[in-house]
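Protein chains in written order, with my numbering: chain A, 1 to 600; chain B, 1 to 150. Backbone N, C-alpha and C fix where the C-beta goes; we use that ideal spot for every residue, glycine too. Please read the structure below before turning to the comments.
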Amino acid sequence: MIFRRKPKPVATDPFQPVTPRVPRPRDPVAVAPPRENPEKMRLRAERRLKFTAACFVFGFAVVGLKMGAISASEAREPRTGGLAGAGIVSARADITDREGRVLATNVTATALYAQPHLMVDPVAAAEGLARIFPDMKVDTWTRRFTSGSKFYWLKGNISPEQQQAVHDLGEPGLLFGQREMRVYPNGPLASHVLGGARYGAQDVRAAEIKGVAGVEAVFNDYLSDPAREGAPLRLSVDLSVQTAVERVLASGMGLMNAKGAAAILMDAKTGEIVSLASLPDFDPNDRPAPATEGDPGDSPLFNRAVQGVYELGSTFKIFAAAQSLELGLTNAGTMIDTQGPMRQGRHRIRDFHDYGPRLSVTDVIVKSSNVGTARMALDIGAARQKAFLESLGFFAPTPVELTEAPGARPIVPTRWPEISTMTISYGHGLSASPLHLATAYASLLNGGTRVTPTLLARDDAVEPGARVVSPRVSAEARHMLRQVVTRGTASLMEVEGYQVGGKTGTADKPSPTGGYYDDKTITTFAGIFPAQDPEYVIVVSLDEPSIFAAGEERRTAGWTAVPVASEIVRRVAPLLGLRPDFDPRADSFGAYLTQAAASR
Amino acid sequence: MRSLFYALSVAAVVGLAFWAYGEGYETRQTERAVARLEREIGQRHQELSMLRTEWAYLNRPDRLHELAEMNFESLGLIPLAPDHFALADQVGYPPPAPPEPPQTVMAWGEGAALEEKIGDVIVMTHRYGADAAPRLIAPPTLADDGEQLP
């Protein structure tokens with residue numbers, strides 16, 4: 001029992017204190033410190049509180065002052081360093097041609113403005129300005145400078161010499177503003193494509209440049225988008241080709257006594273417009289004001305190639321022939337009744353010459369028989385003819401990137417009676433622009449796929465559009481057009497080495513009083529070259545041409561538009577890098593079929 | 001021990017203050033330099049765009065055409081035509097030159113006649129015939145201010 005643990009005493013009464021086994025030491029008696037002076041303690045506490053408060057006041061004061069300084073000062077962009085500001089200098093990007101040659105760019109310019117309340121001698125200032133700028137009137141500007149107004153714009157752009165002369169006047173109220181100016185270094189070249197620009201909102205430190213017409217207006221936001229960092233807009237136009245086309249067209253227009261002319265050169269496969277010319281033209285550096293009187297169609301601002309909606313005459317015949325082949329109604333050798341005149345109600349359709357009782361489809365095109373085409377169109381029928389012309393783009397404005405394009409809607413008859421079917425088959429009763437014609441020729445003849453005309457250079461391969469006709473029909477149509485040149489109405493079109501195929505079209509001009517003029521025509525040539533392997537489509541149109549040739553006054557396309565188009569091809573084809581092919585086998589139908597097989 | 005710690009921290013604060021002060025000034029100086037350089041780059045860009053415009057203006061097709069006409073005597077430039085294309089074997093290459101003994105260097109115009117010097121080269125000028133005498137292309141006469149107009 002010695003190991004038996006002593007039982008723990010269990011407190012039965014919680015209030016009974018349990019006696020500790022070891023007695024606790026007694027608490028030491030606290031030695032009371034000597035008591036400080038309470039007044040002194042209070043002072044010290046106050047000092048500490050004051051110090052803390054001062055720290056807080058100082059801290060908040062610094063924050064408050066900084067906030068005040070920030071809100072009172074002018075806001076400024078944070079500077080991140082690097083080259084953020086150096087990349088962008090121009091407010092508006094350049095426009096270049098397809099080779100990168102500059103068509104439109106900016107230079108710095110100086111504007112002149114006046115603050116009359118700062119002027120020392122307003123009268124002397126007005127006199128001095130009138131000496132420097134002959135168009136400024138002394139009286140007007142003396143009156144304005146003394147009228148109490150505080151601000152006048154005087155000149156938008158002045159030359160450095162003029163700036164120096166104004167500076168030499170020594171007038172503190174005449175001030176110069178910095179800005180950029182749009183410059184078209186090539187003058188009137190491609191003026192209708194570029195359009196022009198003017199100042200939008202302006203300030204003494206800068207001025208906004210806005211496009212007025214053409215590409216400048218359509219790509220206004222694109223050109224002034226800072227996110228693009230001034231990357232130029234590359235057009236499909238080729239400057240040297242455009243020059244050659246405009247020069248030839250201008251001299252041709254003079255030679256043919258025409259009052260206007262238009263030419264379009266288009267890549268047949270991609271729809272890129274390599275050259276687009278309309279004469280008379282203007283200088284986009286000094287864009288004339290729109291004409292307020294007279295026919296707007298005679299204004300130099302009028303883009304005949306895009307805005308001019310004309311009846312295009314016999315150039316339409318190939319559409320009827322191609323559709324007839326496509327539908328299997330005829331083939332190139334089918335004989336068509338061309339006995340004229342053909343009667344339809346009170347209308348009579350006759351040919352320029354009588355071509356005898358029958359011609360093959362090819363010969364209907366080659367000899368340009370209205371009667372033959374009208375008969376083919378009647379076989380096709382109105383609904384199918386309409387659908388075919390619609391698939392070639394004749395019912396909508398062209399989608400080209402020019403401000404003028406959406407307004408140029410072709411004029412098509414609202415009802416489509418049989419007489420319309422017949423006349424439209426040879427290009428009367430439906431008016432379209434030369435660009436519509438070029439697009440349709442490209443779509444029909446490039447192997448039969450629809451193209452979309454564009455003014456932007458395309459680097460990537462273009463997906464072919466919707467199929468319009470089969471490659472075989474396209475080749476047969478080209479072969480027919482080629483024969484128009486070798487033995488038909490466009491015999492002056494022959495260019496050695498480049499097998500041009502095409503169709504002439506002569507249409508009487510409609511008179512504004514109704515009916516047609518007897519002695520005013522619009523002559524058109526639309527063609528493709530090289531015909532066996534098509535690369536480019538050309539459309540040349542002359543307005544009211546007339547030339548005395550071979551003993552009489554000539555107004556038909558064969559004598560007017562064709563020689564001009566021929567010279568354009570002769571000049572332009574080598575510039576486009578097309579190698580001439582003098583091989584006589586190039587004209588055989590086999591060459592056309594080879595291309596058709598390749599494009600299938 | 002404690003006072004040493006205090007002295008060291010005070011010294012560190014003073015040292016860091018000096019360092020921060022110096023850094024601040026250096027940063028501001030660098031910022032100014034960067035701004036100056038950016039301005040300069042901007043100016044150069046502007047000059048470049050002006051020169052590019054000038055280049056485009058001087059090379060405008062109208063002016064080149066007139067210059068080609070003015071200098072027709074010496075340059076003989078005509079518009080490119082389809083019959084200007086040729087095959088590579090139609091080009092008259094000079095036969096390989098025999099090894100020449102070293103001789104004194106002469107100016108181009110001195111010594112033997114020009115025709116003899118380039119006699120081996122068949123000059124292919126289409127319009128003027130292969131037998132036409134080759135011409136030295138002389139610099140065109142200049143206007144008063146040294147520029148050839150237009």
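When burial is assigned at 16 or more other CB atoms within 10 Å of the CB, is residue i buried or exposed?
i	result
Arg4(A)	exposed
Pro397(A)	buried
Phe302(A)	buried
Ser3(B)	exposed
Ala111(A)	buried
Leu58(B)	exposed
Leu43(A)	exposed
Leu325(A)	buried
Ile78(B)	exposed
Gly271(A)	buried
Arg92(A)	buried
Lys503(A)	buried
Phe529(A)	buried
Gln307(A)	buried
Ile273(A)	buried
Val483(A)	Sequence inspection shows Gln at residue 483(A); the Val mentioned does not correspond to that position. Gln483(A) comes out buried.
Gly590(A)	exposed
Trp153(A)	exposed
Asp97(A)	buried
Thr612(A)	The structure shown does not extend to residue 612(A), since chain A spans only 1 to 600, so no value can be given for it.
Asp583(A)	exposed
Tyr536(A)	buried
Could you check whether the Cβ of residue i sits closer than 8 Å to any Cβ belonging to chain B?
i	result
Leu312(A)	no
Ala573(A)	yes
Pro185(A)	yes
Gly497(A)	yes
Gly81(A)	At Gly81(A), the pLDDT of 47 sits below 50, so the modelled position is not reliable and the matter cannot be decided from this model.
Asn446(A)	no
Val102(A)	yes
Leu239(A)	yes
Thr12(A)	no
Leu189(A)	yes
Assuming residue i contacts residue j (C-beta within less than 8 Å), just tell me the rounded distance between them.
i	j	result
Val215(A)	Leu402(A)	7 Å
Glu171(A)	Met119(A)	6 Å
Thr524(A)	Val539(A)	7 Å
Ala261(A)	Asp543(A)	7 Å
Phe145(A)	Ala165(A)	Actually they are not in contact, since the Cβ atoms of Phe145(A) and Ala165(A) sit about 18 Å apart, beyond 8 Å.
Tyr498(A)	Asp508(A)	About 31 Å separates the two Cβ atoms, so there is no contact after all.
Val371(A)	Met342(A)	5 Å
Asn157(A)	Met181(A)	5 Å
Met376(A)	Ser425(A)	7 Å
Ala598(A)	Gln532(A)	About 11 Å separates the two Cβ atoms, so there is no contact after all.
Lys367(A)	Gly488(A)	6 Å
Val309(A)	Pro410(A)	6 Å
Phe241(A)	Leu576(A)	Looking at the sequence provided, one finds Val at residue 241(A) rather than Phe. Between Leu576(A) and Val241(A) the Cβ distance is about 6 Å, and since that is below 8 Å, they are a contact.
Val364(A)	Ala332(A)	Not quite, the Cβ-Cβ distance comes to about 10 Å (not below 8 Å), so this is no contact.
Arg101(A)	Ala56(B)	7 Å
Say whether chain A places a C-beta atom closer than 8 Å to the C-beta of residue i.
i	result
Ala56(B)	yes
Gln29(B)	no
Count the CB pairs spanning the stretch 181-195 of chain A and the stretch 284-296 of chain A that are closer than 8 Å, and state whether there are at least three. Short answer: they touch.
For the stretch 71-90 of chain B, enumerate the residues whose C-beta is nearer than 9 Å to any C-beta of chain A, in chain order. Going along the stretch 71-90 of chain B in chain order, one finds Pro79, Leu80, Ala81, Pro82, Asp83, His84, Phe85 with a Cβ nearer than 9 Å to chain A.
For the stretch 558-591 of chain A, enumerate the residues whose C-beta is nearer than 7 Å to any C-beta of chain B, in chain order. Arg570, Arg571, Ala573, Pro574, Leu575, Arg579, Pro580
Proximal residues, the stretch 105-134 of chain A versus chain B, C-beta separation under 9 Å: Thr105, Asn106, Val107, Thr108
Chain-ordered residues of the stretch 209-243 of chain A with a beta carbon less than 7 Å from chain B: Leu239, Ser240, Thr243
Identify each residue in the stretch 35-61 of chain B for which the Cβ-Cβ distance to at least one residue of chain A is less than 7 Å, and report them in chain order. Glu38, Ile41, Gly42, His45, Gln46, Ser49, Met50, Arg52, Thr53, Ala56, Tyr57, Arg60, Pro61
Contact between the stretch 342-357 of chain A and the stretch 291-302 of chain A is defined here as three or more beta-carbon pairs at a separation below 8 Å; is this criterion met? Counting Cβ pairs under 8 Å, fewer than three are found: no touch.
Check whether the stretch 226-233 of chain A and the stretch 129-139 of chain A are in contact - that is, three or more C-beta pairs closer than 8 Å. no
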